[in-house]
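The next block holds one structure in the form of structure tokens; read it before the comments.
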Amino acid sequence: MSKVITSKSQLDFTLQDLAPMDKPGKMFLVRPTYFTVDYVINPHMEGNIGKVDKIKAMQQWESVRDAFAQSAVEIHEVQGAPKLPDMVFCANQSLPFIGDNGNREVIMSIMNSEHRKREVPLIEEWYLEQGYQTHHLNYKQISNFEGAGDALWHSGKRLLWGGYGFRTSIGAYDFISDTYKVPVIALKLNHPEFYHLDTCFCVLNETTALYYPGAFDQDGIELIRSMFETLIEVPESEALNQFACNAACPDGKLVVLQQGATETNKKLREAGFDVVEVETSEFLKSGGSVFCMKMMAW
Ligand code: ARG
Numbered sequence: 007m008s009k010v011i012t013s014k015s016q017l018d019f020t021l022q023d024l025a026p027m028d029k030p031g032k033m034f035l036v037r038p039t040y041f042t043v044d045y046v047i048n049p050h051m052e053g054n055i056g057k058v059d060k061i062k063a064m065q066q067w068e069s070v071r072d073a074f075a076q077s078a079v080e081i082h083e084v085q086g087a088p089k090l091p092d093m094v095f096c097a098n099q100s101l102p103f104i105g106d107n108g109n110r111e112v113i114m115s116i117m118n119s120e121h122r123k124r125e126v127p128l129i130e131e132w133y134l135e136q137g138y139q140t141h142h143l144n145y146k147q148i149s150n151f152e153g154a155g156d157a158l159w160h161s162g163k164r165l166l167w168g169g170y171g172f173r174t175s176i177g178a179y180d181f182i183s184d185t186y187k188v189p190v191i192a193l194k195l196n197h198p199e200f201y202h203l204d205t206c207f208c209v210l211n212e213t214t215a216l217y218y219p220g221a222f223d224q225d226g227i228e229l230i231r232s233m234f235e236t237l238i239e240v241p242e243s244e245a246l247n248q249f250a251c252n253a254a255c256p257d258g259k260l261v262v263l264q265q266g267a268t269e270t271n272k273k274l275r276e277a278g279f280d281v282v283e284v285e286t287s288e289f290l291k292s293g294g295s296v297f298c299m300k301m302m303a304w
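As structure tokens, then:
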């Protein structure tokens, strides 16, 4: 039976009540050989068609990969494909999962934009090689779901945070909740600049998250506040210009963050995290940064 929660009054569990989930030990990234800005499907891409410096982009991507290599996760590289400039944002095409008996499963996305739909079967190949069981949403019932761009695991727990409104329809979460047997806390996204949940919310470890409150409605803010002991608020300018909420913390300790998010960096260090700064300016032109340039898996 599915459980999708949209307001605090529907919360009938605390973090302690939730079963543990193994933390992912693998990560894959897609080499940005074909990355560019060729079309506009989010406000950050406006004015950036043809403006990507490809050599710089490759160097930046390599430095992001090397920063991730400092955490204790196994890194895999997937090749990109011609005419799929956004495939590098490999948080978007899938949502992997591990069951309590160690079974590894993945729900493949239904990309919102026609431009990105062909990325999904290419990413699916990686999961099949790894021995995952794959699931597909019924596209007759669900129009869109953009994987771990919108659906974020609560670190170490069988709980999913699900953004909806721009790239994902809330109906996708019934199927996901049912398939993975986990509750989903659904958060409505209201601002086109924050079109994916990973642009305004980042789970760092079991008790700590980064967020930009301005991207959520009151229900969303209350839900986030009721599940985390420590919330690090990102200032608006850093959320918008440095995509500071699109940071990533693969091992619960090391945070990889876009350069120039000074205030966020300081707050993270004060909260006990190690921070590595990277430059992702070429990818920011496409509306993406650190978090969405990788996928965590098992
Ligand atoms: N240009 C890409 C798009 O609009 C960027 C995706 C970034 N991904 C993310 N999870 N925020 O689809």
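Numbering (our numbering), first residue to last: 7 to 304.
In this text, a Cβ means the ideal position worked out from N, Cα and C, and glycines have one as well.
For Ile55, which of Ser115, Ser175, Asp44, Ile227 has the nearest alpha-carbon? Here residue 55 refers to the residue found at position 49 when the sequence shown is read from its first residue. Answer by Cα proximity: Asp44.
Hey, out of Ala215, Ala154, Ser292, Leu260, whose CA is closest to Asp59's CA? As a working mapping, residue 59 is identified with position 53 in the sequence shown. Residue Ser292 is the option with its Cα nearest to Asp59.
Do Met64 and Met302 come within 9 angstroms of each other at the CB atom, strictly closer than that value? Indexing the sequence shown from 1 puts residue 302 at position 296. Indexing the sequence shown from 1 puts residue 64 at position 58. Going by C-beta atoms, Met302 is not nearer than 9 angstroms to Met64.
Quick check on His82: does DSSP put it in helix, strand or coil? Locating residue 82 in the sequence shown gives position 76, counting from the first residue. The answer is strand: DSSP assigns His82 an E or B state.
Delimiting residues of the beta strand (DSSP E) encompassing Lys194: Within the sequence shown, residue 194 is the residue found at index 188, counting from 1. 190-194 is the span of the beta strand (DSSP E), which, as asked, contains Lys194.
Taking the alpha helix (DSSP H) that Arg71 falls in, what are its first and last residues? By one-based count along the sequence shown, residue 71 stands at place 65. First-last of the alpha helix (DSSP H) with Arg71: 60-74.
Apart from the five residues on each side of it in sequence, which residues of its chain come closer than 7 angstroms, Cβ to Cβ, to Lys123? On the sequence shown, position 117 is the one that residue 123 refers to. So the qualifying residues of the chain are Met117.
Using the Cα positions of Lys259 and Arg275, report the straight-line distance between them to the nearest angstrom. As a working note, residue 259 is residue 253 in the sequence shown. As a working note, residue 275 is residue 269 in the sequence shown. Roughly 10 angstroms separates the two Cα atoms.
Got a list of residues with beta-carbon closer than 5 angstroms to any non-hydrogen atom of the ligand ARG, in chain order? Ile47, Asn48, Asp92, Phe95, Ala97, Gly155, His202, Asp204, Ser292, Gly293, Gly294, Cys298
For my contact list, Leu195 and Leu203 are in at a C-beta cut-off of 8 angstroms; report their separation, rounded to the angstrom. Numbered from 1 along the sequence shown, position 189 holds the residue referred to as residue 195. Numbered from 1 along the sequence shown, position 197 holds the residue referred to as residue 203. So it is a contact: roughly 7 angstroms between Cβ atoms.
Who does Trp167 pair with in a DSSP beta bridge? What you label residue 167 is simply residue 161 of the sequence shown in a count that begins at 1. According to DSSP, which records beta bridges pairwise, Trp167 is partnered with Leu158, Ile191.
Helix, strand or coil at Ala25 according to DSSP, with G and I counted as helix: Translated into the one-based positions of the sequence shown, residue 25 becomes position 19. The answer is coil: DSSP assigns Ala25 none of H, G, I, E or B.
Kindly indicate which residue of Ser8, Val70, Asp92, Ala178 has the alpha-carbon position closest to the one of Tyr40. In the sequence shown, counting from the first residue as 1, residue 40 sits at position 34. Nearest C-alpha to Tyr40: Asp92.
If the criterion is Cβ atoms closer than 9 angstroms, does the pair Asn252 and Gln264 meet it? Residue mapping note: residue 252 aligns to position 246 of the sequence shown, counting from 1. Residue mapping note: residue 264 aligns to position 258 of the sequence shown, counting from 1. A contact, by the Cβ cut-off of 9 angstroms.
Based on Cα-Cα distance, which residue from Gln147, Glu111, Ser243, Lys9 lies nearest to Trp132? Numbered from 1 along the sequence shown, position 126 holds the residue referred to as residue 132. Cα-wise, what sits closest to Trp132 is Glu111.
Report the residue from Phe249, Pro38, Ser161, Leu166 whose alpha carbon sits nearest the alpha carbon of Thr213. The residue labelled residue 213 in the question sits at position 207 within the sequence shown. With distances taken between Cα atoms, Thr213 lies closest to Ser161.
Please name the residue in Leu21, Pro102, Trp67 whose C-alpha comes closest to that of Gln136. Within the sequence shown, the letter at position 130 stands for residue 136. Residue Pro102 is the option with its Cα nearest to Gln136.
Tell me the residue span of the alpha helix (DSSP H) that contains Thr270. One-based indexing of the sequence shown puts residue 270 at position 264. Counting along the chain, the alpha helix (DSSP H) containing Thr270 begins and ends at 268-276.
Measure from the alpha carbon of Ser15 to the alpha carbon of each residue in Ala254, Thr236, His82, Ser232, then state which is nearest. Counting from 1 along the sequence shown, the entry for residue 15 is found at position 9. That would be Ser232, whose Cα lies nearest to the Cα of Ser15.
Using DSSP with H/G/I as helix, E/B as strand and the rest coil, what is Ala303? Counting from 1 along the sequence shown, the entry for residue 303 is found at position 297. Of the three classes helix, strand and coil, the one that applies to Ala303 here is strand, per DSSP.
Give every residue of the same chain whose Cβ lies closer than 6 angstroms to the Cβ of Arg71, excluding the five residues on either side of it in the sequence, and list them in chain order. If you number the sequence shown from 1, residue 71 lands on position 65. Contacts found: Leu35.
Could you check what DSSP says for Tyr4 in three-state terms: helix, strand or coil? Residue 4 lies beyond the stretch modelled for the chain, which goes from 7 to 304, so this question has no answer here.
Phe4, enclosing alpha helix (DSSP H) - first and last residue: Since the displayed the chain opens at 7 and closes at 304, residue 4 lies outside it and no answer follows.
Confirm, please, whether the CB-CB distance from Ser183 to Asn150 is below 9 angstroms. Within the sequence shown, residue 150 is the residue found at index 144, counting from 1. Within the sequence shown, residue 183 is the residue found at index 177, counting from 1. Contact: no.
Bridge partners for Ser100 per DSSP, in chain order? As a first step, residue 100 must be located in the sequence shown, where it is residue number 94. Paired residue(s): Met114.
Please classify Ser48 as buried or exposed, where buried requires at least 16 neighbouring CB atoms within 10 angstroms. Position 42 of the sequence shown, counted from the start, is the residue given in the question as residue 48. Per the sequence shown, the amino acid found at residue 48 is Asn instead of Ser. So Asn48 counts as buried.
Which residues bound the beta strand (DSSP E) around Leu237? Translated into the one-based positions of the sequence shown, residue 237 becomes position 231. Where Leu237 is concerned, the enclosing beta strand (DSSP E) stretches over 236-239.
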